[in-house]
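Listed in order, the protein sequences are those of chains G and W.
Per my numbering: the first sequence = residues 13 to 217.
Per my numbering: the second sequence = residues 13 to 217.
Heads up, the beta-carbon is just placed ideally off N, CA and C, and yes, glycines get one too.
Keep in mind that this is a model prediction, so the values were computed, not measured.
Working notes, beginning with the structure itself.
There are 2 protein chains.
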Amino acid sequence: MDREISPAVIKRMPRYYRYLGDLVEAKVERISSNELSEQMHVTASQIRQDLSHFGGFGQQGYGYNVKNLHDEIGRILGLNEMHNVIIIGAGNMGTAIANYVRFEDLSFKVTGIFDVSKEKIGKDICGKKVMSMESLGDFLSKNHVDIAALTLPRDNAVTVADEIISMGIKAIWNFAHVDLTVPGDVVVQNVHLSDSLMQLSFKIS
Amino acid sequence: MDREISPAVIKRMPRYYRYLGDLVEAKVERISSNELSEQMHVTASQIRQDLSHFGGFGQQGYGYNVKNLHDEIGRILGLNEMHNVIIIGAGNMGTAIANYVRFEDLSFKVTGIFDVSKEKIGKDICGKKVMSMESLGDFLSKNHVDIAALTLPRDNAVTVADEIISMGIKAIWNFAHVDLTVPGDVVVQNVHLSDSLMQLSFKIS
């Protein structure tokens, strides 16, 4: 496997994984790059080029083995391992994300939900009691956490990000409307909903 | 204004708008491409090139007029107009989005929330009563709607998208975990959270 996969290909991988997952469910065993091209609205040559990064599964005139390719992409995406996720911010977005992660995939598990608000602490979200931010340090010292989802107002997000990074968090799934500045060994994946909404607004105006 | 702005620049515009908005709030009147470069972690030459699409606001040795540039980018993004948004799917994600749109910007307004579930119909979300899907046609015939946010399970999203497009919806903000196939005059902006989570997983594995 070629570990030097370009960011553009990385961005496309989850989409391949999603389509191949649908094919696995539909019990399709093999698919050609042309068929996949039609479904995904990507050129067949792009597909062949992209998938060449994931090993030589395509066979001329025979197509890809769907299950193998799905598994291999999943493995590259790290989905063969379980990731423990905590959610910081137990508002609507935090609740939505807790539900989302639970249903989405067996590779991610919400292990804790935290909030500063007294009204939210102790509340049940997806079978987890919301914990206080004060208890986060203790929680992190006792539990391995792979990813922290920040579903907070932007004003708090920067401080909280600094805090959790100092406690050892190395990956942040950031829903706050702000770009976080983090050390080089910390990974941030942003979901900036307003940027997305503005792009839509641009397209229709 | 140059209407032929590349998709890559369009993707960056909301981020410029966000940073410039912060500067407007902080009462900063002028900023050089170098200063903006430091804040945004983008090269100054990229900034100069990007912003050149939005008119000749930069002056050598004097910088950009923050307010003018912010307003101009907002205008290009269509944020000088109000957009009526309906939300289809009144679960956690729909509720989160309703809250989000309400607080985010004065350019977007949630005018209706719809769901199929009897338990959700009539429920109050952000001061709006959730309406039945059966009432959607009637609502659309009486109210102008710019954007429909789909916060639905993927199995329902495809059918519902076809339905609302046949009722005249031209822009879909899609949170369902599926790529929608739509006619050429309909715009879709996807927020695929699982793709985002998988990218994060890739980066840490």
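Flag W:K215 as yes if its beta-carbon sits less than 8 angstroms from any beta-carbon of chain G, otherwise no.
-> yes
Cβ-based contacts, 8 angstroms cut-off: residues of the stretch 20 to 32 of chain W near chain G | I22, K23, M25, P26, R27, Y29, R30
At 3 residues or longer, and completely inside the stretch 76 to 140 of chain W: list those beta strand (DSSP E) runs for me, N to C.
-> 95 to 100, 120 to 127
Between the CA atoms of W:E93 and G:I88 - distance to the nearest angstrom | 44 angstroms
Distance between G:I100 and W:F214 (C-alpha atoms, nearest Å) | The C-alpha of W:F214 lies about 22 angstroms from the C-alpha of G:I100.
Between W:Q211 and G:P195, is the Cβ-Cβ spacing less than 8 angstroms?
-> no
Report the residues of the stretch 51 to 70 of chain G with a CB closer than 7 angstroms to any CB of chain W, ordered along the chain.
-> none
Using three-state DSSP, classify G:N4 as helix, strand or coil.
-> Any question about residue 4 of chain G goes unanswered here, given that chain G covers just 13 to 217.
Going by beta carbon distance, what residues of the same chain come within less than 8 angstroms of W:A20, once the five residues before and after it are set aside?
-> Closer than 8 angstroms at Cβ, skipping near neighbours: no residue.
Which residues does DSSP pair with G:Q201 in a beta bridge?
-> G:W185
So, using beta-carbon positions, are W:V157 and W:I109 closer together than 8 angstroms?
-> no
How should G:Y28 be labelled, buried or exposed, when 16 other C-beta atoms within 10 angstroms of its C-beta is the threshold for buried?
-> buried
Three-way DSSP call (helix, strand, coil) for G:L162 in this model = strand
Is there a Cβ from chain G that is less than 8 angstroms from the Cβ of W:L295?
-> Summary: the structure shown does not reach residue 295 of chain W, with chain W confined to residues 13 through 217, and so no result is reported for it.
Do you know whose CA, among W:E131, W:I125, W:N77, lies nearest W:G149's CA?
-> W:I125
Kindly say whether G:E84, judged by its beta-carbon, lies nearer than 8 angstroms to any beta-carbon of chain W.
-> no
Return the CA-CA distance between G:F66 and W:D207, expressed in angstroms with no decimal places.
-> A straight-line Cα-Cα distance of about 18 angstroms links G:F66 and W:D207.
Which of helix, strand or coil DSSP assigns to W:S144 | It is a strand residue.
Pick out whichever of W:F187, W:L118, W:T193 has its Cα sitting closest to the Cα of W:V203.
-> W:F187
At a Cβ threshold of 8 angstroms, is G:Y112 touching chain W?
-> yes
Reduced DSSP category for W:V172 - H, G, I as helix; E, B as strand; rest coil | helix
Whole-angstrom distance between W:H82 and G:Q58, CA atom to CA atom | One Cα belongs to G:Q58, the other to W:H82, and the distance between them is close to 38 angstroms.
With a cut-off of 8 angstroms, does the C-beta of W:D14 fall near any C-beta of chain G?
-> The predicted position of W:D14 is uncertain, since its pLDDT is 46 and thus under 50; no value can be drawn from it.
Determine, using beta carbons only, whether G:M105 comes closer than 8 angstroms to chain W.
-> For G:M105, a Cβ of chain W is located within less than 8 angstroms of the residue's own Cβ.
Taking a cut of 9 angstroms between CB atoms, which residues from the stretch 168 to 184 of chain G lie near chain W?
-> K182, A183, I184
Who are the near neighbours of W:D14 in its chain, counting only those whose CB is closer than 6 angstroms to its CB and skipping five residues on each side?
-> Interpretation of W:D14 is limited by its pLDDT of 46, a score under 50 that renders its predicted location unreliable; the figure taken from the coordinates is listed afterwards. Excluding sequence neighbours, W:D14 sits near H65.
Beta-carbon gap between W:K140 and W:V113 smaller than 8 angstroms | The Cβ atoms of W:K140 and W:V113 lie no closer than 8 angstroms to each other.
Residues of chain W with CB under 9 angstroms from G:I159, in chain order?
-> L209, L212, S213, I216
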